[in-house]
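S.K.: Chains as they are written, first to last, in the numbering used here: chain A, 1 to 325; chain B, 326 to 650.
Yeah, the Cβ is synthetic: ideal placement off N, Cα and C, and Gly gets one too.
1. Can you tell me the Cβ-Cβ gap for residue 399 (chain B) and residue 449 (chain B), rounded? I've got them flagged as a contact below 8 Å.
2. Taking just the CA atoms, how far does residue 24 (chain A) sit from residue 636 (chain B)?
3. Of all Cβ atoms in chain B, is any one closer than 8 Å to the Cβ of residue 195 (chain A)?
4. If we cut at 8 Å on Cβ distances, does residue 625 (chain B) have a partner in chain A?
5. Compare the Cα-Cα distances from residue 275 (chain A) to each of A:261, A:284, A:294 and A:305 and report the closest residue.
6. Just checking: is the beta-carbon of residue 184 (chain A) within a distance shorter than 8 Å of some beta-carbon in chain B?
7. Please check if any C-beta of chain A sits within less than 8 Å of the C-beta of residue 495 (chain B).
8. By a C-beta neighbour count over all protein chains shown, 10 Å radius and 16 as the cutoff for buried, is residue 645 (chain B) buried or exposed?
9. Taking 8 Å as the CB-CB cut-off, is residue 587 (chain B) touching chain A?
10. Going straight from the alpha carbon of residue 72 (chain A) to that of residue 7 (chain A), what length do you get?
11. What does the alpha-carbon distance come out to for the pair residue 524 (chain B) and residue 517 (chain B)?
12. Residues in its own chain within less than 8 Å of residue 508 (chain B) by CB, not counting five upstream and five downstream?
13. Tell me the rounded alpha-carbon separation between residue 487 (chain B) and residue 264 (chain A).
14. Is residue 163 (chain A) close to chain B, meaning its C-beta is less than 8 Å from at least one C-beta of that chain?
15. Check whether the Cβ atoms of residue 392 (chain B) and residue 437 (chain B) lie closer than 8 Å to each other.
16. Could you pull the DSSP bridge partners for residue 515 (chain B) from this structure?
17. I think residue 195 (chain A) touches residue 282 (chain A), with their Cβ atoms under 8 Å apart; what is that distance to the nearest whole Å?
18. What does the Cβ neighbour count give for residue 203 (chain A), buried or exposed, with the cut at 16 atoms within 10 Å?
19. The alpha helix (DSSP H) with residue 10 (chain A) in it runs from where to where?
20. Can you check DSSP and say which residues form a bridge with residue 117 (chain A)?
21. Let me check understanding here. Comparing Cα to Cα, which of A:307, A:260 and A:317 lies closest to residue 294 (chain A)?
22. When we look at the beta-carbon of residue 168 (chain A) and count the other beta-carbons within 10 Å, is it buried (16 or more) or exposed?
23. For residue 656 (chain B), which option in B:336, B:473, B:405 and B:439 has the closest C-alpha, if you only look at C-alpha atoms?
24. Under a Cβ-count criterion, where at least 16 other Cβ atoms within 10 Å of its own Cβ denotes burial, should residue 408 (chain B) be classed as buried or exposed?
25. I think residue 402 (chain B) touches residue 484 (chain B), with their Cβ atoms under 8 Å apart; what is that distance to the nearest whole Å?
26. Whole alpha helix (DSSP H) runs in the stretch 39-114 of chain A with 4 or more residues, listed along the chain?
27. So, is residue 339 (chain B) buried or exposed, given that buried needs 16 or more other C-beta atoms within 10 angstroms?
28. Measuring CB atoms only, is the stretch 210-218 of chain A touching the stretch 233-251 of chain A, in the sense that at least three cross pairs come out at less than 8 Å?
29. State the Cα-Cα distance for the pair residue 288 (chain A) and residue 239 (chain A), rounded to the nearest angstrom.
30. Count the other C-beta atoms from every protein chain shown that fall within 10 angstroms of the C-beta of residue 48 (chain A), then say buried if there are 16 or more, exposed otherwise.
31. What are the boundary residues of the beta strand (DSSP E) that residue 348 (chain B) is part of?
32. Does the Cβ of residue 511 (chain B) have 16 or more other Cβ atoms within 10 Å, making it buried, or fewer, making it exposed?
33. Mind pulling the chain A residues with CB within less than 7 Å of residue 583 (chain B)?
34. Write down the C-beta distance between residue 579 (chain B) and residue 500 (chain B) rounded to the nearest angstrom, noting that I regard them as a contact closer than 8 Å.
35. For the structure I just gave you, are there three or more beta carbon pairs, one from the stretch 589-598 of chain B and one from the stretch 454-466 of chain B, closer than 8 Å?
36. Identify the contact partners of residue 403 (chain B) in chain A, using a Cβ-Cβ distance below 9 Å as the criterion.
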C-alpha cells in the first residue's frame with residue numbers, strides 16, 4: 001500500500017438497489033469498518049435522496065475519523081454510466097426513471113471527495129479484482145445471476161465500458177434465435193430469459209407442464225414457484241429441479257464458450273443467488289463449456305464462485321471503484 | 326511524430342500467407358517505400374525460410390538506407406501468438422504445422438531489431454487504427470471476411486489478446502445451435518461456416534437446391550461455384566445471388582448485435598473479398614444490426630469498409646504492429 005492509502009485508508013461504497021441503499025466504509029483489504037442504510041425510494045427529488053444519504057453517511061464517516069480519512073466514493077447502481085457518473089432512465093427508481101441523474105457529481109459536491117459510479121455487475125467485477133477471487137488477474141468475466149443476468153468484463157486489467165459506458169450486457173446475447181423466450185429488454189431468446197432467477201423459475205414451470213416427471217414442485221401453485229423453491233427441491237434430490245439446473249448450466253456453458261472466442265479470459269466468476277446451488281449449477285456449466293468451446297481454449301479457463309461475502313458483496317464491489325479513481 | 330520516428334522512420338511488415346510471404350517497408354503515414362516477396366512453402370525447415378526471407382529483405386533494407394533506419398518489424402501470420410512471438414501448429418505451413426515456431430525471435434536475432442507477431446486479423450485491426458478508418462478510435466472490431474472469418478478487437482485503444490494470446494476468434498461464435506453447418510474447427514453452426522467466402526458459396530448451393538428461383542448460377546456445376554461467382558451474379562442483379570448476400574448480411578448483423586453487448590464498439594470495420602460487394606452486403610448487415618441490437622445500442626455503431634488499400638492491406642497491417650512495440 002502506498003502512502004496515500006496510509007493517510008486516507010478508506011473508501012465509501014454505496015450499493016444503490018431498487019429497495020435499499022447500503023453504505024459501507026471499507027479499508028484496502030476489504031474489511032468493512034462501518035455501515036449504514038437508507039430506503040432508496042420514497043424521495044420525489046434526487047436532491048432529497050442525496051440529503052438523506054449524506055445525513056446517514058456523516059455518522060459513519062465520523063466513526064472512522066472524519067472525511068479526511070476517506071480517499072473516494074464508489075457507487076454501484078442500475079443503469080449507471082461510468083463515463084458520465086450518471087444514472088440514466090433507471091426504470092425502478094422513483095427519482096431517476098425519467099431522465100439522466102448526475103449522481104456522482106452530486107455526492108462529490110456534498111462530500112468533497114472524488115466519486116465514481118458504474119452498474120452493479122461492473123462493480124462486482126472490480127470488487128473481485130480488488131478483494132475477491134480475481135486478485136492478480138488481468139482477464140476475466142463476472143456473471144451475476146440474480147433477478148437478471150449482468151456482467152462485468154475485465155480485459156488487460158481494465159473494466160470494459162465500451163464507447164458509450166454501456167458495454168458488458170452479456171445477459172442480452174441471443175442464445176435461442178428461433179422460438180426464443182421473450183425478455184424484459186423487448187427482444188427474444190436472451191441469455192437472461194433463461195439463466196436469471198426468473199428464467200430458472202420459468203424453466204421449472206415449463207418442465208412441469210411439458211413432462212410427467214414426478215417432482216416436489218408439483219405440490220405448489222406453478223405461478224408461485226421461485227428460483228428459491230427450485231433450489232430447495234434440487235437440494236432434496238428432486239429430479240425435475242436438478243434437470244432445471246442442468247439445462248441452465250448447459251446454456252451458461254454454451255454462452256461462456258462464445259465469450260471465450262471474444263476475450264479468452266483466465267476465469268469466469270459467478271455471483272448471485274443461483275450460485276448458492278454450488279456444484280449443482282457449476283458442474284453443468286463447466287461440462288457444457290468444455291464440450292462447446294473452440295479446441296484451442298479447452299481446459300484453460302477457471303470457473304469460480306465469487307469470493308466476496310454474500311451480504312456485503314455489493315457494497316464491497318461499489319467501494320472498490322473508489323480505489324480505481 | 327517523435328524524434329525516434331525521425332531517426333528511424335520505417336517499419337518492416339511481413340504478411341505471411343499460406344502461399345506467399347510479402348514484405349514491405351512502410352513509413353508512419355502508411356506509405357510503402359519498398360516491397361519484396363518470397364514463396365512461403367517449399368522450405369522444409371523454418372531456418373531455410375528465415376534465410377530466404379532475410380536475403381530478400383536485405384535488398385529493400387538497403388534501398389531505404391539500411392537497417393539503422395528501421396524501428397521494428399511486424400508479422401501477421403496464421404496462428405500467430407503475440408505474447409510468445411510464435412506460430413503454433415499452423416496447419417497450412419510446411420515448416421510450421423506440427424509444432425511451435427519462435428518466428429519473432431528468429432527474425433529479431435537475424436535483423437537486430439525488435440520483432441512482434443500476431444495473427445492476420447489482429448494485424449488488420451492495428452493497421453486500421455494506425456493508417457486506416459479507425460484512426461483515433463479506442464473501441465472497434467475488425468471482421469475479416471475471407472476464406473475464413475477472422476477478427477481483431479480493440480478495447481480502450483489496445484488489441485484484445487486474452488489470457489493466452491488467442492482472443493478474438495469471432496468467426497467461431499455459434500450462430501445456429503440446432504442443425505448448424507459443420508465448420509472447419511470441428512464444431513457446428515459457427516459464424517465462419519456461413520459468412521466466409523466458402524460459406525457464401527455453400528449458401529448459394531443450398532438455395533439452388535432448395536428453391537426453384539431462376540439464377541445465372543444454375544448454368545454452373547454447383548460444386549464449382551465460388552463466392553466470386555456469387556458476387557458477379559449479384560452485380561448483374563441475379564435474385565438468388567442477392568438473396569445469398571441478404572442472408573449473409575442478416576447473420577453478420579445478428580452477430581454484431583451480440584458483439585455490441587460485449588464491448589459496445591464505436592465501429593465495426595469489414596475487410597476482405599466479400600466486402601467488395603459494397604452496399605449489397607453492407608446494407609443487409611446494418612439493417613439486421615439495428616433490428617437485432619439491444620435498444621440502448623441502437624443507432625450508435627458505425628459500419629465501415631476497411632480503409633487500407635486491398636493489395637497492400639495485409640502488409641500495412643503487419644507493419645503497424647511494428648509501431649506498437
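M.R.: Short version:
1. Rounded, the Cβ-Cβ distance is 12 Å, inconsistent with contact.
2. Each residue's Cα considered, the two are about 59 Å apart.
3. At least 8 Å separates the CB of residue 195 (chain A) from every CB of chain B.
4. Yes, because at least one Cβ of chain A sits closer than 8 Å to the Cβ of residue 625 (chain B).
5. Relative to the Cα of residue 275 (chain A), the nearest Cα in the group A:261, A:284, A:294 and A:305 belongs to A:305.
6. Not closer than 8 Å to any Cβ of chain B, the Cβ of residue 184 (chain A) fails to qualify, so no.
7. Cβ-Cβ to chain A under 8 Å: yes for residue 495 (chain B).
8. A residue is called buried when at least 16 other Cβ atoms come within 10 angstroms of its Cβ; residue 645 (chain B) meets this threshold and is buried.
9. Yes, contact with chain A.
10. About 13 Å.
11. Those two C-alpha atoms are separated by around 7 Å.
12. Close CB contacts of residue 508 (chain B) within its chain, under the 8 Å cut and outside five residues either way in sequence, are with 497, 514, 515, 517 and 518 (chain order).
13. Looking at the two C-alpha atoms, the distance is approximately 5 Å.
14. Residue-level contact by beta carbon holds for residue 163 (chain A) and chain B, with a gap shorter than 8 Å.
15. Their beta carbons are under 8 Å apart, which means residue 392 (chain B) touches residue 437 (chain B) by this criterion.
16. Its beta-bridge partners are B:499.
17. Wrong, their Cβ atoms sit about 13 Å apart, outside the cutoff.
18. Its Cβ being crowded by 16 or more others within 10 Å, residue 203 (chain A) is buried.
19. Annotation: residue 10 (chain A) is outside any alpha helix (DSSP H); the continuous beta strand (DSSP E) that includes it extends over 10-16.
20. A:75.
21. Of the listed residues, the one whose Cα sits closest to residue 294 (chain A) is A:260.
22. Residue 168 (chain A) is buried by the Cβ-count criterion.
23. Summary: the structure shown does not reach residue 656 (chain B), with chain B confined to residues 326 through 650, and so no result is reported for it.
24. With fewer than 16 other Cβ atoms from the protein chains shown falling within 10 Å of its own Cβ, residue 408 (chain B) counts as exposed.
25. Residue 402 (chain B) to residue 484 (chain B), Cβ: 15 Å. No contact.
26. The DSSP assignment places complete alpha helix (DSSP H) segments of no fewer than 4 residues inside the stretch 39-114 of chain A at 46-63 and 103-111, in order along the chain.
27. By the 10 Å Cβ count, residue 339 (chain B) comes out buried.
28. Here the stretch 210-218 of chain A makes contact with the stretch 233-251 of chain A; the two share three or more CB pairs at distances below 8 Å.
29. Cα-Cα distance, rounded: 19 Å.
30. That one is exposed.
31. Note, residue 348 (chain B): beta strand (DSSP E), 345-352.
32. Classification for residue 511 (chain B): exposed.
33. Neighbours of residue 583 (chain B) on chain A, chain order: 173 and 174.
34. Rounded, the Cβ-Cβ distance is 7 Å, consistent with contact.
35. A contact exists between the stretch 589-598 of chain B and the stretch 454-466 of chain B.
36. Result: empty, since nearest Cβ-Cβ is about 13 Å, beyond 9 Å.
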